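Q: Following the working numbering, the numbering of the sequence shown begins with 2 at its first residue and continues without gaps.
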Amino acid sequence: MSLLIVGSVALDTVETPFGRAQDALGGSAVYISVSSSYFTAPVRLVGVVGGDFAKEHISFLESRHVDLDGLQTVEGGKTFRWGGKYHYDLNVRDTLFTSLNVFEKFDPKIPEAYRVSGYVCLGNIDPTLQLQVLGQLNKPRLVVGDTMNYWIETKPNELFKTMKHMDVLIINDSEARLLTQEPNLIKAAKQIIGMGPQAVIIKKGEHGAMLVTSDTIFSAPAFPLENIFDPTGAGDSFAGGFIGWLARTEDLSPDNLKRAVIYGSTLASFCVEKFSVDGLRDLSYLKIHDRFRSFMELSRFDEK
Ligand code: AMP
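1. Can you tell me whether Arg301 is buried or exposed? The criterion is at least 16 other CB atoms within 10 Å of its CB, across all chains shown.
2. Kindly indicate which three-state DSSP category Ser314 falls into: helix, strand or coil?
3. Which same chain residues, not among the five before or five after Asn150, have their C-beta less than 8 Å away from its C-beta?
4. Quick one: grab the DSSP three-state call for Leu170.
5. With Phe302 as the anchor, note down where its beta strand (DSSP E) starts and where it stops.
6. Out of Asp283, Glu251, Tyr264, Val15, which one is the CA nearest neighbour of Gly119?
7. Is Val93 buried or exposed, if buried means 16 or more other CB atoms sit within 10 Å of its CB?
8. Within the segment 208-248, note down every full beta strand (DSSP E) run reaching 3 residues or more, in order along the chain.
9. At 4 residues or longer, what runs of the alpha helix (DSSP H) sit wholly inside the segment 39-91?
10. Taking Cβ to Cβ, would you say Leu69 is nearer than 8 Å to Glu63?
11. Closer than 7 Å to a non-hydrogen atom of the ligand AMP - does that hold for the CB of Ser29?
12. Under the rule that 16 or more other beta-carbon atoms within 10 Å means buried, what is Tyr87, buried or exposed?
13. Can you look up Leu284 in the DSSP assignment and give me helix, strand or coil?
14. Between Ser135 and Thr80, what straight-line distance do the alpha-carbon atoms span, to the nearest angstrom?
15. Whole alpha helix (DSSP H) runs in the segment 97-165 with 4 or more residues, listed along the chain?
16. Have a look at His290 and Arg260 and give me their C-alpha separation to the nearest angstrom.
17. Going by the beta-carbon positions, is the gap between Gly84 and Val103 smaller than 8 Å?
18. How do the segment 224-238 and the segment 23-34 stand: do at least 3 beta-carbon pairs fall below 8 Å, yes or no?
19. Is Val35 helix, strand or coil when you go by DSSP?
20. Is there contact between the segment 271-283 and the segment 33-49, where contact requires at least three CB pairs shorter than 8 Å?
21. Could you tell me if the beta carbon of Thr233 falls within a distance shorter than 7 Å of some heavy atom in the ligand AMP?
22. To which residues does DSSP link Gly289 through a beta bridge?
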């Protein structure tokens, strides 16, 4: 079923202990679109780039059947750029710079043909813009949203308003604590459920992810990888795998939400194996399914 994705389209400069990439393709909407494109079509991307956005990036997204009718190009403007540096402990990241450029005046316009989109993923952007997007849509079946500490700190009231319209909030552990002022993640998740979403997914980096609803707690490990090159985009790839699976299956039952969490973790694991979106370029549904199955082995055990 149709999936609409709104978020940043970026050129990232990333340093890790294993290497450096300059002006590489990134942005929340890119990671979400590419990950979800392995599950469902059409994937509709709404975002903005400048005239400096390379044609090869457009060709790559088109090769993944991402519909770019909602991608605005501001000729003469520069694409959003973000720089980050990871430490030896790859869970620790410093933002080196954020140059909003054309993203500063981003006014998400949803093309007429996109207004009926069953599944919607609001990537990490200003919560006011997320709400503006929802206001242009015709009753989506599922709205999944992401956010970050920057918005929790600078626009909490706008975020609380937008959260009332989200069905699932995907957030990392430190952001969940910041949002709720609650150190315990289970209590934090329950508090978030009281704010609007029926489900919350708390990402814990290399320690996996936890899905919490009013009556379930499901804990998924992260795939144990020996080589992690670049964690950038792991959270967004998780969101793409999660919503991509739900849009493919059109099944929002508790058991299928758990499968979606594992598909999210699977896509995140492929993402971090290479720089930028390179780990997501040459996947196939079979390759993804194979790793999905290895997740089952990871925590299967017998009673005796
Ligand atoms: P993640 O590693 O999943 O948290 O996402 C990393 C991506 O988020 C990078 O590709 C960045 O371009 C993008 N990003 C970083 N800061 C922002 C921001 N303030 N607004 C939107 N996107 C951002």
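All C-beta atoms, glycine included, are put in the ideal place defined by N, C-alpha and C. Please read all numbers here as calculations on a predicted model, not as lab measurements.
A: Short version:
1. Locating residue 301 in the sequence shown gives position 300, counting from the first residue. Exposed.
2. Because the chain is modelled from 2 through 305, residue 314 falls outside the range shown and cannot be assessed.
3. Here residue 150 is taken as the residue at index 149 of the sequence shown, counted from 1. The answer, listed in chain order, is Ser175, Glu176, Leu179.
4. Sequence index remark: in the sequence shown, residue 170 carries index 169 (1-based). Here Leu170 sits in strand by DSSP.
5. Against the sequence shown, residue 302 aligns to sequence position 301. Careful: Phe302 lies outside any beta strand (DSSP E) and carries neither H nor E.
6. Here residue 119 refers to the residue found at position 118 when the sequence shown is read from its first residue. Answer by Cα proximity: Glu251.
7. By 1-based counting over the sequence shown, the position of residue 93 is 92. Its Cβ having fewer than 16 others within 10 Å, Val93 is exposed.
8. 210-214, 218-221
9. 56-64
10. The residue given as residue 69 occupies position 68 in the sequence shown. The residue given as residue 63 occupies position 62 in the sequence shown. Contact flag set, yes.
11. For the purposes of this step, residue 29 is taken as residue 28 along the sequence shown, with counting starting at 1. Yes; taking the cut-off as 7 Å, the Cβ of Ser29 has a heavy atom of the ligand AMP nearer than that.
12. As a position in the sequence shown, residue 87 is number 86, starting the count at 1. Counting Cβ neighbours within 10 Å, Tyr87 comes out buried, since at least 16 surround it.
13. Along the sequence shown, one-based indexing puts residue 284 at 283. Coil.
14. Against the sequence shown, residue 135 aligns to sequence position 134. Against the sequence shown, residue 80 aligns to sequence position 79. Note that residue 135 corresponds to Leu in the displayed sequence, not to Ser. Cα-Cα distance, rounded: 24 Å.
15. As far as the segment 97-165 is concerned, its whole alpha helix (DSSP H) runs of at least 4 residues are 128-136, 150-155, 157-164.
16. Position 289 of the sequence shown, counting from 1, holds the residue named residue 290. Position 259 of the sequence shown, counting from 1, holds the residue named residue 260. His290 and Arg260 have their alpha carbons spaced roughly 11 Å apart.
17. Within the sequence shown, numbered from 1, the residue matching residue 84 stands at position 83. Within the sequence shown, numbered from 1, the residue matching residue 103 stands at position 102. Not in contact: Gly84 and Val103 (Cβ atoms no closer than 8 Å).
18. yes
19. Position 34 of the sequence shown holds residue 35. The answer is helix: DSSP assigns Val35 an H, G or I state.
20. Yes, the segment 271-283 touches the segment 33-49.
21. Start at 1 with the first residue of the sequence shown, and residue 233 comes out as number 232. Yes, Cβ of Thr233 sits closer than 7 Å to a heavy atom of the ligand AMP.
22. Counted from its first residue, the sequence shown places residue 289 at position 288. Note on residue identity: the sequence assigns Ile, not Gly, to residue 289. None, per the DSSP bridge assignment.
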